[in-house]
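Below you'll find the structure, written out as structure tokens, and then a few comments.
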Amino acid sequence: MSLIRIAISDRIDDSVAKHLLLSNHTKQYYSLIRLLLANFFFAHLFGSIFLALSTLEDGYSWIYKYDFYADSWFAQYVYSVYWATTIMTTVGFGDITPTSYV
129 MSLIRIAISD RIDDSVAKHL LLSNHTKQYY SLIRLLLANF FFAHLFGSIF LALSTLEDGY
189 SWIYKYDFYA DSWFAQYVYS VYWATTIMTT VGFGDITPTS YV
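The numbers in the working numbering rise by one with no breaks, and the one at position 37 of the sequence shown is 165.
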């Protein structure tokens with residue numbers, strides 16, 4: 129099923145590129161923009177999940193470990209997106225690591 133979705137999205141992407149009449153040079157920029165948008169989307173998705181899971185652990189999660197509990201919700205979201213971006217672009221957790229009793 130997922131292979132069908134990938135094939136359909138590739139066809140849609142090809143049709144968008146054809147309608148925009150992209151040259152070879154601008155196709156590279158188009159591919160870069162698609163890559164960055166996918167990176168931002170998955171950083172938002174994984175960061176939001178990381179933040180939501182931290183609220184389930186009352187009193188012992190990464191928010192309390194790094195003293196982010198007094199910060200605003202938006203600041204906590206930025207920290208979690210930073211964590212997700214670090215996970216996706218480097219090897220390892222970086223300076224913010226998940227914490228749980230489990």
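Glycine included, each C-beta is placed from N, C-alpha and C at the ideal position.
Environment of residue i [buried if 16+ CB atoms lie within 10 Å]
{"i": "V219", "result": "exposed"}
{"i": "Y157", "result": "exposed"}
{"i": "I161", "result": "exposed"}
{"i": "S143", "result": "exposed"}
{"i": "L182", "result": "Before going on, a small fix: residue 182 reads as Ser here, not Leu. Buried, by the Cβ-count rule."}
Range covered by the alpha helix (DSSP H) that runs through residue i
{"i": "T227", "result": "Note, T227: premise wrong, no alpha helix (DSSP H); not H, not E."}
{"i": "S176", "result": "N152 to L184"}
{"i": "V209", "result": "W201 to T217"}
{"i": "Y192", "result": "W190 to K193"}
Sub-8 angstroms separation of residue i and residue j beta-carbons
{"i": "W201", "j": "F178", "result": "no"}
{"i": "H169", "j": "M216", "result": "Note that residue 169 is Phe in the sequence shown, not His. For F169 and M216, no; Cβs fall outside 8 angstroms."}
{"i": "S228", "j": "G175", "result": "no"}
{"i": "W190", "j": "I224", "result": "yes"}
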